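Protein chains in written order, with my numbering: chain A, 719 to 1036; chain B, 719 to 1036. Using N, Cα and C, we set each Cβ at its ideal position, and we do this for glycine too. Model, not experiment: these values are computed from the prediction.
Protein chains: 2
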Amino acid sequence: MRTTAGGTMIVNLDVTLRDGGYRNNFDFPLDYALHHAREAVAAGLDHVEIGHRNGSFTPMPGIGRTGAGPDDYIRAMADVVPPERLGMIVHPKNITEADLAAMYRSGVRLLRFCLPAGAPQAGLALLRTAVDLGFTTTVNITRVSRLAARQLVELAALAGDFGAHVVYLADSNGSLLPRETARLVTLVRSVTDAAIGLHAHNNLGLALANAIAAVEAGANWIDSSVLGMGKGPGNLVTEQWLAYLDRHESAGAHDLGRLLSLAHRMGTEIPEARPRLPLPDLVLGRFDLSVEDRAQLPVDRIGDAFRLARAMTAPATA
Amino acid sequence: MRTTAGGTMIVNLDVTLRDGGYRNNFDFPLDYALHHAREAVAAGLDHVEIGHRNGSFTPMPGIGRTGAGPDDYIRAMADVVPPERLGMIVHPKNITEADLAAMYRSGVRLLRFCLPAGAPQAGLALLRTAVDLGFTTTVNITRVSRLAARQLVELAALAGDFGAHVVYLADSNGSLLPRETARLVTLVRSVTDAAIGLHAHNNLGLALANAIAAVEAGANWIDSSVLGMGKGPGNLVTEQWLAYLDRHESAGAHDLGRLLSLAHRMGTEIPEARPRLPLPDLVLGRFDLSVEDRAQLPVDRIGDAFRLARAMTAPATA
């Protein structure tokens, strides 16, 4: 955590082991995962998201430990990282109240809820239970680029009503521009007293610009991944974000050198972490399509993929 | 060229064959170079910089055609691309008035001068000659992050006095933040009637954020490279920049699909074009060091490289 020139406390959250898991079926070697969490915290990240509990939204066969998130994995993590630094993310449909209690007991203290815009009630009830158990909680509103302002306001306000400490805007499609990001942050801030977070994807290369815009608009929880490892083209790149904070503000609150050493080891040991700029994902971002739409595009013929994506999203004419 | 919502005409310049040449000793196959220039223009880029004339600043043995820039190469380009789209860059110490005349005769119409801050006079005389010959001219002020405001103002004003049509800020070290970029654009705009350009490097992942900030501050010539191929971590990524313009404004002035097809072919045929996020170059950007300083860093031990870079740039204490 650090204070910006404007007085904002920025809380940085590492999502590598979770969002990066979409690239390797959540199958990080335990040794690497423990090393990663320990070094990320030592480098000054405030929280490490160690995985999903009971899988992602869509079931994935043979999902690895950072996708299943069992108790023994949490306990191993809590042995090397203080529990107040450990976070997990849940899809409410995948978990029960018993899971909440087990996660807390095993050593997690930050719990993030992915709430579907359509039917949030079951998730909100679990959120309240988590708050009562003592978790710090966030509600992650996914695919914000596709929500009507009215839906977004309603969901953010409900999240605050049920006790969420942070309301996250998740740019799942990686299609937001900086000024749109700032507008959404301003909108959500106006209807809740919860802190505001940003979870960025880098389809258009705008994750860093959007993080800067979000913080300038009043967000202060920022997700990032080492080497950007995350779904598709990845997330905000942690080392770029910390370098920005270091140059922008007085340096020294983070140990960027230590973070770079972690990034170097990760690039060596985890082949799927290699940085990339996939052109099909840029097309998705350009047209605000989701990663699920990728299967419809002829990704080997990128010009055709572009034209098809444009046709898929063209306004209907009478 | 296209008009932004604010009424600015943006002029986009492709520097792939030139700045990308630092990765492959300027040795692009002629077939590819011709294809690249033709497709970049067909996709809507306003100018293509086809290379240096008589080499880069530092002599490089065996430099390829986009570094040597001989007349027959220019003529081959002018056969496939209208001359008013063709640009070259020169270091004044490398060229004579005879070169200027030969380049014009062979088909180049945009000429860019790299001016050293210390001794610009010889370059300014050549600039005036180029203006008189009928070239559109730019003065590229390199390593702007290291110039005192007074030097920058002096050089920009002189460039305008000698007839430069565009004054470019070149963030050679890739260390500028968006608000610094905006400040420098505002500063230079206030002392010249020339148009203002930005040549960004992506050491900190801020090339796109800086281009956005520069245009918002009144710059309107923007350099970019396909796949970002350029020195070190590369330049502003053309496909990201055009996607941003497409999403930000009304779409259609560019053919992004065509540009993506070019990017795909480039990624297939030119191995050195592969996107990358080299950690040592991020360290250089963090500490505003130049690519020439890279040789001093133990790049295989990135934590040590970080600490050494910090020590190299620490303010002296009494």
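Closer than 7 Å at the beta carbon, the chain B residues around residue i
i: Asp930 of chain A; result: Reading the sequence as shown, one finds Ile at residue 930 of chain A and not Asp. What Ile930 of chain A touches in chain B: Pro896 and Ala927.
i: Gly923 of chain A; result: Leu926, Val955 and Gln958
i: Leu731 of chain A; result: Neighbours of Leu731 of chain A on chain B: none; closest Cβ ~18 Å, over 7 Å.
Contacts that residue i makes with chain B (C-beta to C-beta distance below 8 Å)
i: Arg994 of chain A; result: Pro993
i: Leu1000 of chain A; result: Glu957, Gln958, Ala961 and Leu978
i: Leu748 of chain A; result: Correct list: empty, because the minimum Cβ distance to chain B is about 24 Å.
i: Leu887 of chain A; result: By Cβ distance, chain B contributes nothing, its closest Cβ being about 17 Å from Leu887 of chain A, past 8 Å.
i: Leu845 of chain A; result: Correct list: empty, because the minimum Cβ distance to chain B is about 33 Å.
i: Leu763 of chain A; result: In chain order: nothing, as chain B lies at least about 16 Å away.
8 Å Cβ cutoff met for residue i and residue j
i: Leu818 of chain B; j: Ile768 of chain B; result: no
i: Leu752 of chain A; j: Asn730 of chain A; result: no
i: Gly780 of chain A; j: Gly739 of chain A; result: no
i: Tyr886 of chain B; j: Val857 of chain B; result: yes
i: Phe746 of chain B; j: Thr784 of chain B; result: yes
i: Gly975 of chain B; j: Gly1021 of chain A; result: yes
i: Thr910 of chain A; j: Ala874 of chain A; result: yes
i: Ala888 of chain B; j: Glu934 of chain B; result: no
i: Asn743 of chain B; j: Met778 of chain B; result: yes
i: Ala866 of chain A; j: Ser824 of chain A; result: no
i: Val826 of chain A; j: Ile859 of chain A; result: no
i: Ala931 of chain A; j: Asn953 of chain A; result: no
i: Leu980 of chain A; j: His754 of chain A; result: yes
i: Lys949 of chain A; j: Asp732 of chain A; result: no
i: Asp1006 of chain B; j: Ser893 of chain B; result: yes
i: His770 of chain A; j: Ile728 of chain A; result: no
i: Leu945 of chain A; j: Gly985 of chain A; result: yes
i: Thr956 of chain B; j: Leu977 of chain B; result: yes
i: Leu902 of chain A; j: Leu870 of chain A; result: yes
i: Ala761 of chain B; j: Asp973 of chain B; result: yes
i: Val684 of chain A; j: Arg830 of chain A; result: This structure cannot settle anything about residue 684 of chain A, because the visible part of chain A is limited to 719 through 1036.
i: Leu995 of chain B; j: Pro1033 of chain B; result: no
Under 9 Å by beta carbon: chain A residues contacting residue i
i: Ile1020 of chain B; result: Gly975, Leu978, Ser979, Ala981 and His982
i: Leu818 of chain B; result: Result: empty, since nearest Cβ-Cβ is about 37 Å, beyond 9 Å.
i: Leu1015 of chain B; result: Simply none; closest approach about 12 Å.
i: Leu828 of chain B; result: Those do not exist, as Leu828 of chain B stays about 26 Å from chain A at its closest Cβ, beyond 9 Å.
Cβ-Cβ separation, residue j to residue i (assumed contact under 8 Å), whole Å
i: Thr854 of chain B; j: Leu876 of chain B; result: The pair is not a contact, with the Cβ atoms about 18 Å apart (cut-off 8 Å).
i: Phe1024 of chain A; j: Val1001 of chain A; result: 5 Å
i: Gly881 of chain B; j: Leu922 of chain B; result: The pair is not a contact, with the Cβ atoms about 34 Å apart (cut-off 8 Å).
i: Ala840 of chain A; j: Pro810 of chain A; result: 5 Å
i: His883 of chain A; j: Ala913 of chain A; result: 6 Å
i: Leu895 of chain B; j: His966 of chain A; result: 6 Å
i: Ser943 of chain A; j: Thr734 of chain A; result: 4 Å
i: Leu997 of chain A; j: Leu1015 of chain A; result: Not confirmed; about 10 Å, so no contact.
i: Ser890 of chain A; j: Arg868 of chain A; result: Going by Cβ atoms, the distance from Ser890 of chain A to Arg868 of chain A rounds to 19 Å, so no, they are not a contact pair.
i: Pro989 of chain B; j: Pro993 of chain A; result: Going by Cβ atoms, the distance from Pro989 of chain B to Pro993 of chain A rounds to 16 Å, so no, they are not a contact pair.
i: Asp879 of chain B; j: Gly915 of chain B; result: Incorrect: roughly 18 Å between the Cβ atoms, too far for contact.
i: Asp789 of chain B; j: Ala820 of chain B; result: 6 Å
i: Arg907 of chain A; j: Gly936 of chain A; result: 5 Å
i: Met1030 of chain B; j: Arg741 of chain B; result: Rounded, the Cβ-Cβ distance is 25 Å, inconsistent with contact.
i: Ala794 of chain A; j: Leu851 of chain A; result: In fact, because the Cβ distance is near 21 Å, the residues do not count as touching under 8 Å.
CB contact check: residue i to chain D, cutoff 8 Å
i: Arg793 of chain A; result: Of the chains in the structure shown, none is chain D; the protein chains are A and B.
Contacts that residue i makes with chain A (C-beta to C-beta distance below 8 Å)
i: Gly1003 of chain B; result: Ala961
i: Leu851 of chain B; result: In chain order: nothing, as chain A lies at least about 38 Å away.
i: Val916 of chain B; result: Note that residue 916 of chain B corresponds to Leu in the displayed sequence, not to Val. Chain A residues near Leu916 of chain B: none, gap ~14 Å exceeds 8 Å.
Chain B residues whose Cβ lies nearer than 9 Å to that of residue i
i: Arg1025 of chain A; result: Gly975
Contact set between residue i and chain A, taken where Cβ atoms lie within less than 7 Å
i: Leu902 of chain B; result: The premise fails here: Leu902 of chain B is roughly 15 Å from chain A at the closest Cβ pair, so nothing lies under 7 Å.
i: Leu1007 of chain B; result: Neighbours of Leu1007 of chain B on chain A: none; closest Cβ ~13 Å, over 7 Å.
The segment 942-968 of chain A: positions lying closer than 8 Å to chain B by Cβ: Leu945, Gly946, Val955, Glu957, Gln958, Ala961, Tyr962, Asp964, Arg965 and His966
Between the segment 969-981 of chain B and chain A, which residues of the former have a C-beta closer than 7 Å to a C-beta of the latter? Leu974, Gly975, Arg976, Leu978, Ser979 and Ala981
Could I get the ranges of all uninterrupted alpha helix (DSSP H) runs contained in the segment 996-1025 of chain B, with 4 residues as the minimum, in chain order? Listed in chain order, the complete alpha helix (DSSP H) runs (minimum 4 residues) inside the segment 996-1025 of chain B are 997-1004.
Curious, which full-length beta strand (DSSP E) runs of at least 3 residues does the segment 796-849 of chain B contain? 804-808 and 828-833
Runs of alpha helix (DSSP H) lying entirely within the segment 849-900 of chain A, each at least 4 residues, in chain order: 867-879
Interface positions of the segment 854-874 of chain A facing chain B (Cβ-Cβ less than 9 Å), listed along the chain: none
Length-filtered (3 minimum) beta strand (DSSP E) runs lying within the segment 918-992 of chain B: Fully enclosed beta strand (DSSP E) runs of 3 or longer: 939-942.
Alpha helix (DSSP H) segments (min. 4 residues) lying fully within the segment 761-792 of chain B: Secondary structure remark: continuous alpha helix (DSSP H) runs of at least 4 residues inside the segment 761-792 of chain B, in chain order: 783-786.
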